[in-house]
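Participant:
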Amino acid sequence: MSEPRDGADHRVRILGFWGTPENRALPDPADLVDAAWDESERHWVADYLDHGQVAGSWMGVSRCRLCALPNGYRDLTDGSFLWPEGLAHYVRDHGVRLPAEFVDHMEQRLRALDELETDGSWWLRNAART
Ligand SMILES: [Zn+2]
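Okay, here's the thing in structure tokens:
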């Protein structure tokens with residue numbers, strides 16, 4: 450794969466994928482539980498995770514590594530990060546804390562959406578052509 454022209458890394462970063470007993474290269478969610486994590490921030494992060502775009506689906510349902518509940522079968526993305534849809538459950542119900550860099554990314558993205566300016570001219574020009 451060639452380097453992007455601007456030198457930036459445009460690959461989507463993954464988070465929330467866990468190791469298995471056979472493959473311990475990925476983290477164990479139990480190691481990331483932070484029972485003291487502020488509940489309102491936890492729910493805010495989980496809500497963000499719930500609203501990713503579907504990037505792919507799997508044949509089998511994943512089970513939560515901490516409570517064994519069925520926990521999704523799709524991958525979601527915001528265009529910068531990609532996570533399994535069950536990650537919100539880990540955050541909301543088990544207090545699995547995500548890296549501060551991801552939370553900062555979420556804040557910046559949501560702030561940018563709040564500050565969007567709208568332009569109605571495209572719609573006015575193109576709606577009549579359909
Ligand atoms: Zn669980």
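All residue numbers for the sequence shown refer to the working numbering, where the first residue is 450 and numbers rise by one. All C-beta atoms in this analysis are idealised placements derived from N, C-alpha and C, irrespective of residue type, glycine included.
1. Let me know the secondary structure DSSP gives residue 530 once reduced to three states.
2. What first and last residue would you give for the beta strand (DSSP E) that runs through residue 479?
3. Would you check whether ligand 1 has a heavy atom nearer than 6 angstroms to the C-beta of residue 518?
4. What are the boundary residues of the beta strand (DSSP E) that residue 504 is part of?
5. Taking 6 angstroms as the cut-off, is the CB of residue 515 close to at least one heavy atom of ligand 1?
6. If you follow the alpha helix (DSSP H) that residue 575 is part of, which residue opens it and which one closes it?
7. Pair every Cβ in the stretch 489–502 with every Cβ in the stretch 541–548, then say whether three or more of these pairs are closer than 8 angstroms.
8. Any heavy atom of ligand 3 closer than 6 angstroms to the Cβ of residue 463?
9. If we call anything under 7 angstroms between Cβ atoms a contact, is residue 506 one with residue 521?
10. Are the beta-carbon atoms of residue 540 and residue 485 separated by less than 7 angstroms?
11. Given that a residue counts as buried once 16 or more other Cβ atoms are within 10 Å of its Cβ, and exposed if not, what is residue 524?
12. Would residue 477 pass as a contact of residue 465 if the rule is Cβ separation under 7 angstroms?
13. Which residue comes first and which comes last in the alpha helix (DSSP H) that contains residue 543?
Facilitator: Taking the geometry as given:
1. Looking at residue 530 - three-state DSSP - the assignment turns out to be strand.
2. For residue 479, there is no enclosing beta strand (DSSP E), as DSSP gives it neither H nor E.
3. Yes, the Cβ of residue 518 comes within 6 angstroms of a heavy atom of ligand 1.
4. For residue 504, the enclosing beta strand (DSSP E) begins and ends at 502–506.
5. Checking the Cβ of residue 515 against ligand 1 gives yes.
6. Run containing residue 575: 570–576, per the alpha helix (DSSP H) assignment.
7. Using a Cβ-Cβ distance cut-off of 8 angstroms, the stretch 489–502 and the stretch 541–548 are in contact, since at least three pairs of beta carbons, one from each stretch, lie closer than that value.
8. This structure does not include ligand 3; its bound ligands are ligand 1.
9. Contact flag unset, no.
10. When the beta-carbon positions are compared, residue 540 and residue 485 stay at least 7 angstroms from each other.
11. Answer is buried; the Cβ neighbour count reaches 16.
12. Not closer than 7 angstroms, so no.
13. Residues 536–543.
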